[in-house]
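Adding 217 to a residue's 1-based position in the sequence shown gives its number in this note's numbering.
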Amino acid sequence: MARRQALARRIVIAFRALTLAVSGLFSLTVVGVVLWVENDVVSESMDQQIDSVLESYQSTQRWPELLGNTRFYAPGLTEEVPVALADVSPGFTEIVSADNAYYVFRKTIAGQSYILVRNQGEFEAQERLLYAAVIAGFMASVVLAGLIGNFTASRVMDPVIDLARRVRNRDQLLVLAPALAPDYSDDEVGQLAAAFDAALGELRAALERERFFTSDVSHELRTPLMIIASSCELLSGRVSDPRSRELVGSIHSATMQMHELVQVFLLLARATANQSHDVETVSLGVVAREQYEAWAPKFAQKGLDFQLQLAPGGEERYPATFLRVVIGNLLRNAWHYTDSGQVVLKVGEKELSVQDTGIGIPPSMHESVLQPFVRLDHSRGDGLGLGLSLVRRICTASGWVLRLQARTAGGTQATVRLER
């Protein structure tokens, strides 16, 4: 793909290209006119002069005197035809030598050959001067076009450059940021600024609605979820039947997962609104062990080899809720799409990865599966395709980097780098 040129540079290039075309056409026209004058006008003039000389001789029986730069050769004249002109072709001929240049016109009437010669040295000098002037004018026009193009581009592009700079400014995204349109004239740039203001206003409104919805729903769900969790804890102490105790435990586990997701949505909503908030932080290794213990029974029931590879060190702390959801969703995705083999949760310094030997994700879908409601295989599980998209939202809000890779041996590796 060709490298994109700045708009101002394209304006200058357009000016120079236009000037190059117009000046080039004008210069070629001048050269063409000069050649036409030489070949047609001078030829016709010399032909008529021969006729005039012959008419004068017929009427006076004397050869008329010609200008000093003109020679006439005819039968009966004492001056012989020079050797260089003896074999000249009939009609107009231009002879150029190292010392001089001549126009020669040879005409045959009633078997008699007449030759008219004009010294064109002075004309050739003027012609060279004209060509030099044409070339100089051509070069000057191109340079002048560049200067005018630079000046015009600067005057025209200053408002556009200023608008682009202000649009790129992140402060423009703030709610209290002033509108752009009032600072520009009512022209195309002003209309563009007004369109940007309108689009940004609609975007702000949509983001505000989403933030309020997420915040309100999450806040309203916290209380009933805590009631359900507390009830499960009380109920588990009174139930003696193992099957019932298992069901109560499943309800409690699902409730805590929902509570954790609600907390995630609240944190994301506050992060979108740039609100400061105190959250529980924990090291990556602690959450990795916790998630390994929670998921190990599920992988064992499926006959999968589930491993935790934990590197030493790594005591830097991160939001606990975000870490739990990120690792949990990546493990859930691996559990759904791996039928045999192994799943490895690998934790290093400021980095975690989940490797599986499942069906894999085609490289062409690495970006699409991170979008909401996109699933690789609808026959596996009853999810909605929101797990990986939520992981991506958390990574974006936290400044982390999520990367999907196809493994050479089959399967997928999802890596989260906990710093940019």
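Using N, Cα and C, we set each Cβ at its ideal position, and we do this for glycine too.
In the same chain as residue 508, and ignoring 5 residues on each side of it, the C-beta atoms closer than 8 angstroms to its own belong to 541, 544, 545, 548 and 562, in chain order. For residue 263, the closest C-alpha among the options 303, 307 and 551 is that of 307.
In this structure, the CA atom of residue 498 is about 8 angstroms from the CA atom of residue 538. DSSP places residue 375 within a helical segment (H, G or I) once states are collapsed to three.
In the three-state reduction of the DSSP assignment, residue 327 falls in the coil class. For the segment 562 to 591, the continuous beta strand (DSSP E) assignments of 3+ residues that do not extend past its boundaries occur at 568 to 573, in sequence order. Using a Cβ distance threshold of 8 angstroms, residue 247 and residue 351 count as a contacting pair. Burial of residue 578 is indicated by the presence of at least 16 other C-beta atoms within 10 angstroms of its C-beta.
Taking 8 angstroms as the cut-off, the beta carbon of residue 634 is found closer than this to the beta carbon of residue 618. The beta-carbon separation of residue 627 and residue 574, rounded to 6 angstroms, stays under the 8 angstroms limit for a contact.
The beta carbon of residue 287 lies closer than 6 angstroms to those of 335 in the same chain, with the five residues before and after it left out. The Cβ atoms of residue 280 and residue 302 lie no closer than 8 angstroms to each other. The closest CA to that of residue 611, considering only 318, 559, 480 and 557, is found on 480. By the Cβ criterion, the segment 364 to 382 is in contact with the segment 399 to 413, since at least three pairs of Cβ atoms, one from each stretch, lie closer than 8 angstroms. Boundaries of the beta strand (DSSP E) harbouring residue 630: 629 to 634, taken from the DSSP string. Pairing residue 249 with residue 329, the inter-Cα distance amounts to about 34 angstroms.
Pairing residue 566 with residue 632, the inter-Cα distance amounts to about 12 angstroms. Counting of Cβ neighbours within 10 angstroms places residue 430 among the exposed residues, the total staying below 16. Per DSSP, the unbroken beta strand (DSSP E) holding residue 522 starts and ends at 522 to 527.
If you compare the alpha carbons of 461, 454, 416 and 474 with that of residue 442, the shortest gap goes to 474. Looking at the backbone, the Cα of residue 363 and that of residue 243 are separated by about 18 angstroms. Contact check for residue 636 against residue 616 passes: the beta carbons are separated by less than 8 angstroms. Counting along the chain, residue 622 sits inside the beta strand (DSSP E) bounded by residues 618 to 623.
As the crow flies, the alpha-carbon of residue 386 is around 12 angstroms from that of residue 395. For residue 450, the closest of 439, 472, 460 and 437 by C-alpha to C-alpha distance is 472.
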